[in-house]
Structure formats: structure tokens, C-alpha cells
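Okay, so here's the structure we're looking at.
Okay, structure coming up:
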């Protein structure tokens, strides 16, 4: 049964929306821009003999145009929040390969993508405990004692919990990281004062490692090396501003402490 031109056009529109949805899930979970662009183009070209597709992705937006018949269809998607979830990026990668190499219809594909998007992250207790362990071992790595290990562990749990809560409330990442770093410094001083730590600096260094923008720095370098200078520069600035927020938070508390106000 042959579809009429209107139905075919609607099918192409749905294909475009599907590609945008896949790109949105990847980008908001920390994927590199070139990977998002490649996924969108592959999905669009896999159906309806679409030859021309152009995708332009920045850390805060997705722009896609494709040519179908005598028309050019365009779509813009704004990305407001970005977090790190490498598992979802991997799942969308697997989905795109499956979609391109099979006859999966768009309705089924959309349901699979929405299911991926709705997958919950790790449970809060798992994330908080893992954050504490990471901070604790970094404290040891930088020369801390066993007491510093314990102090960094509990401080790390609290810092991750508070940062997560602020992010969920939509607080800007600068305030979130500033608050996390300030709290890490306050708790480090407190643990040393009550005898549960020996080196304030080692505890602080370990406790703020969960806030360090490692993925942002990596993506900035990869995007720049791939020729995506706009994305590389914006991600690089995100990493720099995050590092400044952490430094300001720690510095403010230490300044007050050394003046004898704490």
C-alpha cells in the first residue's frame, strides 16, 4: 500500500523529531557535540531516502535541517540543563545502531528512547556512598591519614547530597559548586577540631574532588580537537567557572578561619 505525499511528509517530520529526541538525551547527559551530530545525521539518513541532513550542536542547543522533496524541514531544541550520565549515552548509542540497521518503526523507536530518558539514575544512597568513597581515597592519595580518610568520607557524602539537592532545585552550577566547596571546608575544619582529622588541607582536597569538572574539561578538549570550537570554548569556560566557584568557596571559608572567626 503506497502512502500519500502528506503521510510521507508527516513520517519525515516524526523521523526528524525522533533524531532530535535522541540527540537531546545524549547532550543533556554529557555527550560530546560531534557524537550527538553524528547520531542525529545517521538516524535521519536511515529512512525515506533522505540525502541532505545538516546538524549543528552546541552545549545549549540542537539545530537540524533536512531536505525532503522540494522542502527543507528545520527543528531547534533548547537544552537547559546538563548532567553526567554515561550509561544513558551508551544506551542511545546502542539504540541508534539498532534503529539504523533494522526496520524498526518510528513509534516503537520513540517509545524506546522515552524509556531510556525516563530511566532513573542510581539510587541516592548509592550515589552518596560512592561520592564519599571517592573523596576518602583521594584524601589518602594526597597524603592524608586514616582519620583524614574517615573525615573525607563523611564530608564527601554530605557535599554530594547537598550539591545534588541544589541541582535538582535548578540552582545555577556556580552557586551549587560554591556551596559544596564552602561546606566541604567548614566540615573539614570541624572534623579536625573534634579530633576526627589531622590535616585540614588533605580533607578539603579529598572532599572537593566530587565537584571537579573532569568530564567538562575532557569534552572541551575533544570538541576542540574535532574542530567544534564553539562547543569546545563554551565547555572550557564551564569548566573554568566551575573551578573558580570551588576555589571561591574554599578560599572564603579558609580566609574566615585564619582570621579566627571560626
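In the numbering used here, the protein residues as written are 969 to 1230. Think of the CB as a built atom: it goes at the ideal place given N, C-alpha and C, for glycine as much as any other residue. Model, not experiment: these values are computed from the prediction.
For the candidate residues the options, whose alpha-carbon lies nearest to that of residue i?
i	options	result
residue 1120	1133, 1135, 1103	1103
residue 1185	1008, 1200, 1195, 1064	1200
residue 1092	1069, 1130, 1148	1130
residue 1040	1138, 1140, 1096, 981	981
residue 1220	1027, 1059, 1072, 1150	1150
Shorter than 8 Å from the beta carbon of residue i to some beta carbon of chain D?
i	result
residue 1157	Judged by its chain identifiers, the structure shown contains no chain D, having just a single protein chain.
Start and end of the beta strand (DSSP E) containing residue i?
i	result
residue 1036	1029 to 1036
residue 992	Note, residue 992: premise wrong, no beta strand (DSSP E); alpha helix (DSSP H) at 973 to 996.
residue 1039	1039 to 1046
residue 1026	1021 to 1026
Check for me: the alpha helix (DSSP H) holding residue i runs from which residue to which?
i	result
residue 1199	1197 to 1226
residue 1132	1114 to 1136
residue 1068	1054 to 1068
residue 1193	1182 to 1193
residue 1003	1001 to 1013
Leaving out five residues before and five after residue i in sequence, what residues of the same chain have Cβ atoms less than 8 Å from its Cβ?
i	result
residue 1013	1019, 1021
residue 997	1050, 1051, 1052, 1053, 1054, 1056, 1057
residue 1211	1180, 1181
Skipping 5 residues on each side, what residues in its chain have a beta carbon closer than 6 Å to that of residue i?
i	result
residue 1187	1000, 1203
residue 1005	1023, 1025
Short of 7 Å in beta carbon distance, which residues of its chain neighbour residue i, apart from the five on each side in sequence? Order them along the chain.
i	result
residue 1142	1209, 1213
residue 1207	1181, 1184, 1185, 1188
Assess contact between the stretch 1099 to 1109 and the stretch 1164 to 1181, defined as three or more Cβ pairs (one per stretch) separated by less than 8 Å. Is contact present?
yes
Spell out a yes or no on whether the stretch 1073 to 1091 and the stretch 1017 to 1027 are touching, meaning 3 or more CB-CB pairs, one atom from each, closer than 8 Å.
Contact fails: fewer than three Cβ-Cβ distances are below 8 Å.
Decide yes or no for the touch test of the stretch 1120 to 1134 against the stretch 1039 to 1054: beta carbon pairs closer than 8 Å, at least 3 of them.
Touching, no, given that fewer than three Cβ pairs across the two stretches are closer than 8 Å.
Any 3 or more C-beta pairs closer than 8 Å across the stretch 1188 to 1196 and the stretch 1141 to 1156
no
Closer than 8 Å is the cut-off here; do at least three beta carbon pairs connect the stretch 1112 to 1128 with the stretch 1151 to 1163?
yes
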